[in-house]
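Counting from 1, one number per residue, gives the positions in the sequence shown under this note's numbering.
We put the beta carbon where it would ideally sit given N, CA and C, even for glycine.
Note that the coordinates shown come from a computational prediction; the quantities given were computed from them, not determined experimentally.
Just below is one structure, and these are the notes that go with it.
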Amino acid sequence: MTEILDGLRLSRLADDDLELLLLVRHFELKLLELYGRGELGGTTHTCLGQEYVPVALRPLLGPADHVFSNHRGHGHYLARFRDPHGLLAEIMGRQGAVCGGVGGSQHIHRDRYLSTGVQGESMPVAAGVALHLKRAEPGALACVHIGDGTWGEGAVYEALNLAALWRLPLLVVVENNGIAQSTPTASQMAGTVAGRAAAFGIPHLRVVSTDVNEIRLTLEEEVARVREAGPLVVEFVTHRLGPHSKGDDVRPADAVRAARDNDWYGRYAHHHPEQFHRIDGAVRAEVQAVADEVAARPLSRWEAPCG
Ligand SMILES: Cc1ncc(C[n+]2csc(CCOP(=O)(O)OP(=O)(O)O)c2C)c(N)n1
Ligand SMILES: [Mg+2]
Numbered sequence: 001m002t003e004i005l006d007g008l009r010l011s012r013l014a015d016d017d018l019e020l021l022l023l024v025r026h027f028e029l030k031l032l033e034l035y036g037r038g039e040l041g042g043t044t045h046t047c048l049g050q051e052y053v054p055v056a057l058r059p060l061l062g063p064a065d066h067v068f069s070n071h072r073g074h075g076h077y078l079a080r081f082r083d084p085h086g087l088l089a090e091i092m093g094r095q096g097a098v099c100g101g102v103g104g105s106q107h108i109h110r111d112r113y114l115s116t117g118v119q120g121e122s123m124p125v126a127a128g129v130a131l132h133l134k135r136a137e138p139g140a141l142a143c144v145h146i147g148d149g150t151w152g153e154g155a156v157y158e159a160l161n162l163a164a165l166w167r168l169p170l171l172v173v174v175e176n177n178g179i180a181q182s183t184p185t186a187s188q189m190a191g192t193v194a195g196r197a198a199a200f201g202i203p204h205l206r207v208v209s210t211d212v213n214e215i216r217l218t219l220e221e222e223v224a225r226v227r228e229a230g231p232l233v234v235e236f237v238t239h240r241l242g243p244h245s246k247g248d249d250v251r252p253a254d255a256v257r258a259a260r261d262n263d264w265y266g267r268y269a270h271h272h273p274e275q276f277h278r279i280d281g282a283v284r285a286e287v288q289a290v291a292d293e294v295a296a297r298p299l300s301r302w303e304a305p306c307g
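Here it is in structure tokens:
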């Protein structure tokens, strides 16, 4: 097991990376605001606090790779496509929606990207796609994002078994935020993610850092190895800043405070104030403009299903 230690100081990011990080942050905050005002229906789960995971992975994945996302997937989508208009339209059921407005927040299909709100469902699907890639497009991989709570689903282990046995190019990204809805991981998981990966002979890497540059540097070779040698579990020790979905945060105040203390946002602003404030202001304005523009669109129609 390898561990990346969290440095106190976050290294300076390229403007483009910071823009993407902040795009995800402000997109998610805007969603909660819109829900709060009753302008959105259905449900949604924000990735507040976890934005850096797909941003760090972004350049390590190529266009031939498949990404499988889960219920907390807006950051995964935005890192892949940088398309806040299409995503917000999908969530608001407006024209220009990625899946014609029938997928909503959790069920999005576009090119080689698929998300699902059904916990664990993506693992066997991703393993199957990895098998196909190994045969038909060697060098490409399937990357699947799951949470810590999803390790309670049996399908996860069936997928890990075959991925190990057939040495499938499967990158399992675990966003371990220490909680599943309202159940702390410590109350529901026997053993560890590392121990479970080891049971299948699958290498495991634990990432504690929130520093995008540092994470990339460490993962670059490991991800390249997946393409040739087989599966890898990368476990991010991360923090859910917001509620599980909208107004359902049942955590004690000290747990919420601990999550906030780990947030990259304030630390990055502190370490790189000029760059941060310049880009933060611009991205806030961009997200506001996206929200205004999408909200003014006519309702989406069923005739434009998932592409
Ligand atoms: C098969 C299935 N069971 C239950 C649910 C309801 N549910 C949605 S998210 C969630 C918790 C997921 O926890 P975790 O995997 O840790 O992801 P996180 O929400 O923390 O990102 C549950 C129980 C579901 N969506 N699918
Ligand atoms: Mg969780």
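If you follow the beta strand (DSSP E) that residue i is in, where does it begin and where does it stop?
| i | result |
| --- | --- |
| R167 | Segment: none, R167 is in no beta strand (DSSP E) and carries neither H nor E. |
| F236 | L232 to V237 |
| I146 | A142 to G147 |
| L48 | Run containing L48: none; DSSP gives neither H nor E here. |
| F68 | H66 to S69 |
| R206 | H204 to V207 |
Over the uninterrupted alpha helix (DSSP H) stretch that includes residue i, give me the two end residues.
| i | result |
| --- | --- |
| S122 | S122 to A136 |
| A229 | V212 to A229 |
| S187 | T185 to Q188 |
| L114 | Not the alpha helix (DSSP H): L114 falls in the beta strand (DSSP E), residues Y113 to S115. |
| F27 | D15 to G36 |
| R284 | P273 to A295 |
| D254 | A253 to D261 |
| L87 | P84 to M92 |
| F81 | H74 to F81 |
| R196 | V193 to A199 |
Only counting the same chain, and skipping five residues up and downstream in sequence, which positions put a Cβ closer than 8 angstroms to that of residue i?
| i | result |
| --- | --- |
| V294 | H85, L88, A89, M92, R94 and G96 |
| T2 | Caution applies to T2, whose pLDDT of 44 falls short of 50 and renders its modelled position unreliable; the value that the coordinates give is listed next. Cβ within range, chain order: L205, R206 and T218. |
| A159 | M123, P124, A126, A127 and L170 |
Give every residue of the same chain whose Cβ lies closer than 6 angstroms to the Cβ of residue i, excluding the five residues on either side of it in the sequence, and list them in chain order.
| i | result |
| --- | --- |
| R251 | none |
| V98 | G86, E90, I108 and R110 |
| S182 | V250 |
| R72 | H45 and C47 |
| G120 | T150, E153, A155 and V156 |
| R216 | A56 |
| Y113 | V67 and R80 |
| T43 | S245 |
Does residue i pass the burial test, meaning 16 or more other C-beta atoms within 10 Å, or should it be called exposed?
| i | result |
| --- | --- |
| V173 | buried |
| V118 | exposed |
| W302 | exposed |
| A285 | exposed |
| P298 | exposed |
| Y105 | According to the sequence displayed, residue 105 carries Ser and not Tyr. By the neighbour-count rule (16 or more Cβ atoms within 10 Å), S105 is buried. |
| S300 | buried |
| G147 | buried |
| E39 | exposed |
| Q288 | exposed |
| S115 | buried |
For residue i, which residues of its own chain have a beta-carbon under 7 angstroms away from its beta-carbon, when the five flanking residues on both sides are left out?
| i | result |
| --- | --- |
| V129 | H66 and A142 |
| E28 | T46, C47, L48 and H74 |
| P54 | G75, H76 and A79 |
| L260 | For the record, residue 260 in the displayed sequence is Arg; it is not Leu. Once the five neighbours on either side are set aside, the close Cβ partners of R260 are L241. |
| E19 | I279 and V283 |
| V290 | P84, H85 and L88 |
Worksheet item: Does the stretch 240-251 touch the stretch 196-212, meaning 3 or more C-beta pairs lie closer than 8 angstroms?
Response: Contact between the stretch 196-212 and the stretch 240-251 is absent, with fewer than three C-beta pairs closer than 8 angstroms.
Task: Beta carbon nearer than 6 angstroms to a non-hydrogen atom of ligand 2 - done: G147, D148, G149, N177, I179 and A180
* Count the C-beta pairs between the stretch 51-71 and the stretch 130-145 that are closer than 8 angstroms, then say yes if the count reaches three, no if not. => yes
- Item | Three-pair Cβ contact test at 8 angstroms for the stretch 192-203 versus the stretch 147-163 | yes
For this session: Examine the Cβ distances between the stretch 225-234 and the stretch 159-167 and report whether three or more of them are shorter than 8 angstroms.
Result: yes
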